[in-house]
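**Student:**
There are 2 protein chains.
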Amino acid sequence: MAKNRKPKIQRPKALPPKGFRDYFGGEVDERNAMLRKITDVYHRYGFDPLESSAVETVEALGKYLPDVDRPNAGVFAWQDEDEAWMALRYDLTAPLARVYAQFRNDLPSPYRRYAMGPVWRNEKPGPGRYRQFYQCDADTVGSGSVAADAEICAMLADTLEAVGIERGDYVVKVNNRKVLNGVMQVAGVLNPDDPEMFAAERGIVLRAIDKLDRLGPDGVRSLLGKGRKDDSGDYTDGAGLSDGQADVVMGFMEAKRCDGAATCSRLMELVQGSDIGTQGVNELETISELMAAQGYGADRIDIDPSVVRGLGYYTGPVYEAELTFEILDEKGRKRQFGSVAGGGRYDDLVKRFTGQEVPATGVSIGVDRLLAALREKGRIGSKSKGPVVVTVMDRDRMGDYQAMVAELRNAGIRAEVYLGNPKNFGNQLKYADKRESPVAVIEGGDEKERGVVQIKDLALGARLAAEIETAEEWKAQPAQKEIARGDLVAQVRAMIARAEGQA
Amino acid sequence: MAKNRKPKIQRPKALPPKGFRDYFGGEVDERNAMLRKITDVYHRYGFDPLESSAVETVEALGKYLPDVDRPNAGVFAWQDEDEAWMALRYDLTAPLARVYAQFRNDLPSPYRRYAMGPVWRNEKPGPGRYRQFYQCDADTVGSGSVAADAEICAMLADTLEAVGIERGDYVVKVNNRKVLNGVMQVAGVLNPDDPEMFAAERGIVLRAIDKLDRLGPDGVRSLLGKGRKDDSGDYTDGAGLSDGQADVVMGFMEAKRCDGAATCSRLMELVQGSDIGTQGVNELETISELMAAQGYGADRIDIDPSVVRGLGYYTGPVYEAELTFEILDEKGRKRQFGSVAGGGRYDDLVKRFTGQEVPATGVSIGVDRLLAALREKGRIGSKSKGPVVVTVMDRDRMGDYQAMVAELRNAGIRAEVYLGNPKNFGNQLKYADKRESPVAVIEGGDEKERGVVQIKDLALGARLAAEIETAEEWKAQPAQKEIARGDLVAQVRAMIARAEGQA
Numbered sequence: 008m009a010k011n012r013k014p015k016i017q018r019p020k021a022l023p024p025k026g027f028r029d030y031f032g033g034e035v036d037e038r039n040a041m042l043r044k045i046t047d048v049y050h051r052y053g054f055d056p057l058e059s060s061a062v063e064t065v066e067a068l069g070k071y072l073p074d075v076d077r078p079n080a081g082v083f084a085w086q087d088e089d090e091a092w093m094a095l096r097y098d099l100t101a102p103l104a105r106v107y108a109q110f111r112n113d114l115p116s117p118y119r120r121y122a123m124g125p126v127w128r129n130e131k132p133g134p135g136r137y138r139q140f141y142q143c144d145a146d147t148v149g150s151g152s153v154a155a156d157a158e159i160c161a162m163l164a165d166t167l168e169a170v171g172i173e174r175g176d177y178v179v180k181v182n183n184r185k186v187l188n189g190v191m192q193v194a195g196v197l198n199p200d201d202p203e204m205f206a207a208e209r210g211i212v213l214r215a216i217d218k219l220d221r222l223g224p225d226g227v228r229s230l231l232g233k234g235r236k237d238d239s240g241d242y243t244d245g246a247g248l249s250d251g252q253a254d255v256v257m258g259f260m261e262a263k264r265c266d267g268a269a270t271c272s273r274l275m276e277l278v279q280g281s282d283i284g285t286q287g288v289n290e291l292e293t294i295s296e297l298m299a300a301q302g303y304g305a306d307r308i309d310i311d312p313s314v315v316r317g318l319g320y321y322t323g324p325v326y327e328a329e330l331t332f333e334i335l336d337e338k339g340r341k342r343q344f345g346s347v348a349g350g351g352r353y354d355d356l357v358k359r360f361t362g363q364e365v366p367a368t369g370v371s372i373g374v375d376r377l378l379a380a381l382r383e384k385g386r387i388g389s390k391s392k393g394p395v396v397v398t399v400m401d402r403d404r405m406g407d408y409q410a411m412v413a414e415l416r417n418a419g420i421r422a423e424v425y426l427g428n429p430k431n432f433g434n435q436l437k438y439a440d441k442r443e444s445p446v447a448v449i450e451g452g453d454e455k456e457r458g459v460v461q462i463k464d465l466a467l468g469a470r471l472a473a474e475i476e477t478a479e480e481w482k483a484q485p486a487q488k489e490i491a492r493g494d495l496v497a498q499v500r501a502m503i504a505r506a507e508g509q510a
Numbered sequence: 008m009a010k011n012r013k014p015k016i017q018r019p020k021a022l023p024p025k026g027f028r029d030y031f032g033g034e035v036d037e038r039n040a041m042l043r044k045i046t047d048v049y050h051r052y053g054f055d056p057l058e059s060s061a062v063e064t065v066e067a068l069g070k071y072l073p074d075v076d077r078p079n080a081g082v083f084a085w086q087d088e089d090e091a092w093m094a095l096r097y098d099l100t101a102p103l104a105r106v107y108a109q110f111r112n113d114l115p116s117p118y119r120r121y122a123m124g125p126v127w128r129n130e131k132p133g134p135g136r137y138r139q140f141y142q143c144d145a146d147t148v149g150s151g152s153v154a155a156d157a158e159i160c161a162m163l164a165d166t167l168e169a170v171g172i173e174r175g176d177y178v179v180k181v182n183n184r185k186v187l188n189g190v191m192q193v194a195g196v197l198n199p200d201d202p203e204m205f206a207a208e209r210g211i212v213l214r215a216i217d218k219l220d221r222l223g224p225d226g227v228r229s230l231l232g233k234g235r236k237d238d239s240g241d242y243t244d245g246a247g248l249s250d251g252q253a254d255v256v257m258g259f260m261e262a263k264r265c266d267g268a269a270t271c272s273r274l275m276e277l278v279q280g281s282d283i284g285t286q287g288v289n290e291l292e293t294i295s296e297l298m299a300a301q302g303y304g305a306d307r308i309d310i311d312p313s314v315v316r317g318l319g320y321y322t323g324p325v326y327e328a329e330l331t332f333e334i335l336d337e338k339g340r341k342r343q344f345g346s347v348a349g350g351g352r353y354d355d356l357v358k359r360f361t362g363q364e365v366p367a368t369g370v371s372i373g374v375d376r377l378l379a380a381l382r383e384k385g386r387i388g389s390k391s392k393g394p395v396v397v398t399v400m401d402r403d404r405m406g407d408y409q410a411m412v413a414e415l416r417n418a419g420i421r422a423e424v425y426l427g428n429p430k431n432f433g434n435q436l437k438y439a440d441k442r443e444s445p446v447a448v449i450e451g452g453d454e455k456e457r458g459v460v461q462i463k464d465l466a467l468g469a470r471l472a473a474e475i476e477t478a479e480e481w482k483a484q485p486a487q488k489e490i491a492r493g494d495l496v497a498q499v500r501a502m503i504a505r506a507e508g509q510a
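In structure tokens:
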């Protein structure tokens, strides 16, 4: 007997790893529907899909995280049996660089590609911050023309409208790293003849302006000057700029005027005497003109030097899509929804592999934030799409019920037969409720004999149960209806249509 | 100067890790289109999407690989910073078990769910065998009814037709583990009163019949008896069955008759006296009847005891979809395309977590094999969907060209402006060729002045260049056409339609 005694079983926990989650039903459908709308636009713009492997070698991935909001972001990495290190991709840009370097002789040039899928970050999870999330990117590799940047801005505006963000509820803001370089030159921390000089100061300036959102203008100004003590008492060294020098840098971030032309004029004043700065302003002017030629006004795509996120990473134009409508934050205060997509020009990713500089520009859409915005606006998540449930009154007649669902499905109607234990009919209706079924079909022995079935409008039934008080009212507004068995498809279809009309 | 001298740069290799690959353009589109068709059918059958995380804890994943073709399959695993082991999912069933155990109180019961996405296997890659590949699964958890199995068989047949496999080119074969258990009882290697007795022999029998495809009937018979020496000289111990016992087991695999009823009669003879065997045959009969009630004949869904793959893993009905048309293998020999999907009933996955047995049944479609089959049949991969390319004759008029593509895109036509260096016009046309563009648009200064543009049918142009020999013929069949600038959208649309009609 002792032989058969089993050790105490240690059961595994039914949980995903920390920072990971699952997506169910409507959440998956909504995201897929949105990704399809986005990629329809990308496709129309001539971009081709690319699905690279989720796993890359660590050496190919490198360390090029553009997202300064996640400075501690790491990767999930492990060693293969033959000792090689591999890792899950942390974005879709690093794999693009590897793919372009690998296949550059076969790919068209310029190469327009889009990609969508999960990326992984090995960092501390927090509320609403997961270690696996979706990105949806479009990039043009191999074109140095500012028309490529302009095209992506136009595509971004079209994409937002395609997924359901109305005109007026968003703006694509455009800035340019070269203008900032010009400003640094004017401020005396960039010498084109000796690019290494003041590199440390410029690093501090870049990190400072990238923190504008969090620290505000005063905080940035402290960092441009002597330095700044934060709330925890930690001291961050400043760039040591004089007030006059700092004025120039701050002036850049505050150069926004009433329209693109006026903003460019102001920027031109700020970079006077700097070639790189002048070039940057000219690029912004060209983008402004190209947008106007295609009918995009400043209400949709605007020149805005206050966009500083990613300026330290990108090398030319930088763009960011912001949603301008207000939402209530956790503390009940009104605030703008904010950024849902961003990108810009970067010219050095492919160089890591080939030694050749390949110009590239691209955008990444924060899929989950955009979904959250659409939910906020009530644009998704409203309609029930549950299946018609054919109930089982007589478990020996499963063939009859399966034949009914087959008829409904062949007519394109989502339907299923109840597959749990049919003994308790109440459980079957509870199941239908949980599935958000529009209609339940009921056929007992009596109905079978008479060649009829009962169909029940479940949404109406629930409403009536809540509102109606007398038996007379029940009869006047019946949620249940007896129909001929041969009319099943037509009558169910009509009941669904009526229910959807009332929803 | 020494300060600026840089160390020799070790460049990363532009390659994915061994066993991983990338998918480009049409490959991605085709797979997505197929997945959409599959999930449309799953949706119509009442299945809900589930997207679980790609990463699971190692303890939650367990070791439940059903795929006996990949016996050495391992997982990619690593340790988190807090020492917890996590791994990439190796299939979509193990995560379903974890999700169901975690959310069982909130999910409807029965829970019908589908899932699609990549899975990862840490095994030696080989030709056509990758370490990341797609699966597309549908499972019903919480229903012990054989109607749930029948439903999945029907859905599998509908799915194959929905993606383009014609009726007659496939068959869904159904078998049952319980019948095998009955056969084992009759053969004297299973005693219902002492389930542990002969466990070792049954293990050998199960592994032997799972090798029927590779070893053939003679090889299996050796393993049922004394044992078998393979080509390398390695000896595998047999189950030690007598010839009479082995006859019973072999009879099971050869019990297929002309139709389901005849096969079930034969099976009933084989399991006579075994309760579990009788139950299994009854289940097969019920499935046969349910299929008939829904109009699925034996040409589409058939009872076939020669389906043995996975019998060792599943606990009740087992099903496999085979494509019956012939292809030529690597050696030029004709052979049937074979299996593209398989599944069955398993009742113990959730038990690992909760201690409760939860009945479940489900199917997994081998997405890449099904795609290969469709390519073999010429059902996908034929049509060019490249963009219209607007060429750049005058780089200062980029705004004009961008306005043209904007017009085309707004009319739903895939279009792009050439963004490379426009100096060499030949390169622009080569680019259009590489993109498989249907139409190129050309507007030089002269055309601009006269309010016209040239549009060029690129497919026709290529054909003419190959076929036509005299200048007169060129003029009679012009691939290029001058049109009014205002007619751009209408004329391009007409040219694409004509090209598609001729393709």
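First to last, the protein sequences are chains A and B.
Mapping of the first sequence onto our numbering: position 269 corresponds to residue 276, and the numbering continues sequentially without gaps.
Mapping of the second sequence onto our numbering: position 34 corresponds to residue 41, and the numbering continues sequentially without gaps.
All C-beta atoms in this analysis are idealised placements derived from N, C-alpha and C, irrespective of residue type, glycine included.
#1: In whole angstroms, what separates the C-alpha of A/PHE511 from that of A/GLU173?
#2: Which word fits B/GLN192, buried or exposed, when buried means at least 16 other C-beta atoms lie within 10 angstroms of its C-beta?
#3: Cβ closer than 9 Å: which chain A residues qualify as neighbours of B/GLU63?
#4: Do you know offhand how far B/ARG120's Cα is from A/LYS392's?
#5: Quick check: what's the CA-CA separation for A/THR46 versus B/SER444?
#6: So the beta strand (DSSP E) A/PRO5 belongs to, where does it begin and stop?
#7: Can you tell me the Cα-Cα spacing of A/GLY452 and A/ARG404, whole angstroms?
#8: Any beta carbon from chain B within less than 7 Å of A/THR368's own beta carbon?
#9: For a contact meaning CB atoms closer than 8 Å, what does A/LYS441 contact in chain B?
#10: With a threshold of 7 Å between beta carbons, is B/VAL35 in contact with chain A?
#11: Counting contacts by CB-CB distance shorter than 7 Å, is A/TRP85 in contact with chain B?
#12: In three-state terms, what does DSSP make of B/ASN188?
#13: B/LYS441 and A/PRO115: beta carbons closer than 7 Å?
#14: Is there at least one Cβ from chain B nearer than 7 Å to A/PRO73's Cβ?
#15: Between B/ASP217, B/ALA246, B/SER229 and B/GLY302, which lies nearest to B/MET260 when the distance is taken from Cα to Cα?
#16: Whose C-beta lies closer than 8 Å to the C-beta of B/MET257 among residues of the same chain, with five residues either side of it excluded?
#17: Can you tell me whether A/GLU327 is buried or exposed? The criterion is at least 16 other CB atoms within 10 Å of its CB, across all chains shown.
#18: When the Cα of A/ALA497 is compared with those of A/VAL460, A/VAL170, A/ARG209 and A/ALA104, which residue comes out closest?
#19: Suppose the cutoff is 7 Å on Cβ atoms and the five residues either side in sequence are ignored; what does the same chain contact list for A/ASP266 look like?
#20: Within the continuous alpha helix (DSSP H) that includes B/ARG43, where are the two ends?
#21: What's the C-alpha gap between A/ALA207 and A/GLY245?
#22: Which residues in chain A have a C-beta closer than 7 Å to the C-beta of B/ALA269? List them in chain order.
#23: Can you pull the chain A neighbours of B/TYR177, defined as C-beta to C-beta under 9 Å?
#24: Using a 10 Å radius around the Cβ and a threshold of 16 neighbouring Cβ atoms, would you call B/LEU335 buried or exposed?
#25: For B/ALA379 and chain A, any beta-carbon pair shorter than 7 Å?
#26: Shortest alpha-carbon distance to B/GLN139 belongs to which of B/GLY284, B/VAL82 and B/LYS358?
#27: If we ignore side chains and look at the alpha-carbon of each, how far apart do A/ASP511 and B/ALA300 end up?
#28: Taking Cβ positions only, does A/ARG18 come closer than 7 Å to chain B?
#29: Can you pull the chain A neighbours of B/MET405, defined as C-beta to C-beta under 7 Å?
#30: By a C-beta neighbour count over all protein chains shown, 10 Å radius and 16 as the cutoff for buried, is A/MET204 buried or exposed?
#31: For B/TYR438, would you say it is in contact with chain A, using Cβ-to-Cβ distances shorter than 7 Å as the test?
#32: What are the start and end residues of the alpha helix (DSSP H) that includes B/PRO518?
#33: So if DSSP puts B/MET123 in a beta bridge, which residue, or which two residues, is it bridged to?
#34: Would you please verify whether the beta carbon of A/MET93 is less than 7 Å from any beta carbon of chain B?
#35: Sorted by chain position, which residues of the same chain lie with C-beta nearer than 6 Å to A/ARG421's C-beta, five sequence neighbours on each side aside?
#36: Are the region 24–42 of chain B and the region 81–97 of chain B touching by the rule of at least three beta carbon pairs closer than 8 Å?
**Tutor:** If we stick to the structure as given:
#1: For chain A, the structure presents residues 8 to 510; residue 511 of chain A sits outside this window and is missing.
#2: buried
#3: PRO23, PRO24 and PHE27
#4: 15 Å
#5: 19 Å
#6: Residue coverage of chain A in this structure runs from 8 to 510, which leaves residue 5 of chain A outside it and unanswerable.
#7: C-alpha separation (whole angstroms): 9 Å.
#8: no
#9: PRO115
#10: yes
#11: Yes, its Cβ sits closer than 7 Å to a Cβ of chain B.
#12: Three-state result, B/ASN188: helix.
#13: Their beta carbons are under 7 Å apart, which means B/LYS441 touches A/PRO115 by this criterion.
#14: With a pLDDT of 45 at A/PRO73, under the threshold of 50, the modelled position of this residue cannot be trusted, and the question is left open.
#15: B/ASP217
#16: Closer than 8 Å at Cβ, skipping near neighbours: PRO224, VAL227, ARG228 and LEU231.
#17: With 16 or more other Cβ atoms within 10 Å, it is buried.
#18: Nearest neighbour of A/ALA497 by Cα position, chosen from A/VAL460, A/VAL170, A/ARG209 and A/ALA104, turns out to be A/VAL460.
#19: ALA305
#20: 32–51
#21: Between A/ALA207 and A/GLY245, the alpha-carbon positions lie close to 10 Å from each other.
#22: Under the 7 Å cutoff, chain A gives no residues; its nearest Cβ is about 20 Å from B/ALA269.
#23: None at all; the shortest Cβ gap to chain A is about 18 Å.
#24: exposed
#25: no
#26: B/VAL82
#27: Nothing about residue 511 of chain A can be read from this structure; chain A reaches only from 8 to 510.
#28: yes
#29: ALA154 and LEU297
#30: exposed
#31: Yes - at least one Cβ of chain A is within 7 Å of the one on B/TYR438.
#32: The displayed coordinates of chain B run from 8 to 510. Any statement about residue 518 of chain B would go beyond what the structure contains.
#33: For B/MET123, which the question treats as bridged, DSSP gives the partners B/CYS143.
#34: yes
#35: PRO394
#36: no
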